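Chemist:
In my numbering, the protein residues as written are 1 to 137.
Here's what the structure looks like:
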């Protein structure tokens with residue numbers, strides 16, 4: 001039979017264990033939140049997708065700019081900036097890389113221009129191609 005003193009000791013132990021459990025859970029949640037808030041750089045993103053050529057790098061930059069920088073459309077200046085921020089050599093003819101992605105149905109023109117520049121957006125196929133690591137191109 002449990003005495004009042006034994007019951008009190010057990011209750012105190014349970015209380016201490018619950019407090020430690022809650023504290024541990026809070027620490028895990030705060031670590032997760034800080035990891036979620038850490039923004040992936042464009043360089044890290046491109047490296048994670050492992051593009052094999054400038055056409056795929058261009059598509060990766062499109063994806064990053066639309067999804068991480070929330071650009072509604074992308075122009076040549078945006079793409080060039082993406083290459084520079086990723087510390088990648090800028091292709092001599094970015095328009096050619098965009099045109100090759102358009103031919104594959106991965107990028108499409110938009111009616112609105114950005115300033116005086118032509119602008120494009122990723123297609124659904126383009127998004128999936130980047131997300132799948134270019135496996136279905």
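Note that CB positions come from ideal geometry on N, CA and C, so glycine has one too. Please read all numbers here as calculations on a predicted model, not as lab measurements.
How long is the line joining the alpha carbons of residue 116 and residue 61, rounded to whole angstroms?
Modeler: Within the chain shown, numbered from 1, the residue matching residue 116 stands at position 116. Within the chain shown, numbered from 1, the residue matching residue 61 stands at position 61. So the alpha carbons of these two residues sit roughly 21 Å apart.
Chemist: What is the rounded straight-line gap between the Cα of residue 3 and the Cα of residue 26?
Modeler: In the chain shown, the residue the question calls residue 3 occupies position 3. In the chain shown, the residue the question calls residue 26 occupies position 26. So the two alpha carbons sit approximately 35 Å from each other.
Chemist: Opposite residue 107 in the DSSP bridges: which residues?
Modeler: Along the chain shown, one-based indexing puts residue 107 at 107. Paired residue(s): 122.
Chemist: What does DSSP give as the partner residues of residue 132 in its beta bridges?
Modeler: Taking the chain shown and counting its residues from 1, one reaches residue 132 at position 132. In the DSSP output, where bridge partners are listed per residue, residue 132 has none listed.
Chemist: Helix or strand or just coil, what does DSSP make of residue 114?
Modeler: Along the chain shown, read from residue 1 onward, the residue named residue 114 stands at position 114. Reduced to three states, the DSSP call for residue 114 is strand.
Chemist: On the premise that residue 130 lies in contact with residue 59, defined as a C-beta separation below 8 Å, what is that separation, rounded to the nearest angstrom?
Modeler: Taking the chain shown and counting its residues from 1, the one referred to as residue 59 is at position 59. Taking the chain shown and counting its residues from 1, the one referred to as residue 130 is at position 130. So it is a contact: roughly 6 Å between Cβ atoms.
Chemist: Can you tell me whether residue 14 is helix, strand or coil according to DSSP?
Modeler: For the purposes of this step, residue 14 is taken as the residue at position 14 of the chain shown. Helix at residue 14.
Chemist: Since residue 138 and residue 106 should fall inside the 8 Å C-beta cutoff, what is the C-beta to C-beta distance between them, to a whole number of angstroms?
Modeler: Nothing about residue 138 can be read from this structure; the chain reaches only from 1 to 137.
Chemist: Based on DSSP bridge pairs, tell me the residues matched to residue 74.
Modeler: Residue mapping note: residue 74 aligns to position 74 of the chain shown, counting from 1. Paired residue(s): 120.
Chemist: How big is the Cα-Cα spacing for residue 16 and residue 28?
Modeler: Indexing the chain shown from 1 puts residue 16 at position 16. Indexing the chain shown from 1 puts residue 28 at position 28. The alpha-carbon atoms of residue 16 and residue 28 are separated by roughly 19 Å.
Chemist: Do residue 97 and residue 54 count as a contact pair if the criterion is CB distance below 8 Å?
Modeler: One-based indexing of the chain shown puts residue 54 at position 54. One-based indexing of the chain shown puts residue 97 at position 97. Taking 8 Å as the Cβ cut-off, residue 54 and residue 97 qualify as a contacting pair.
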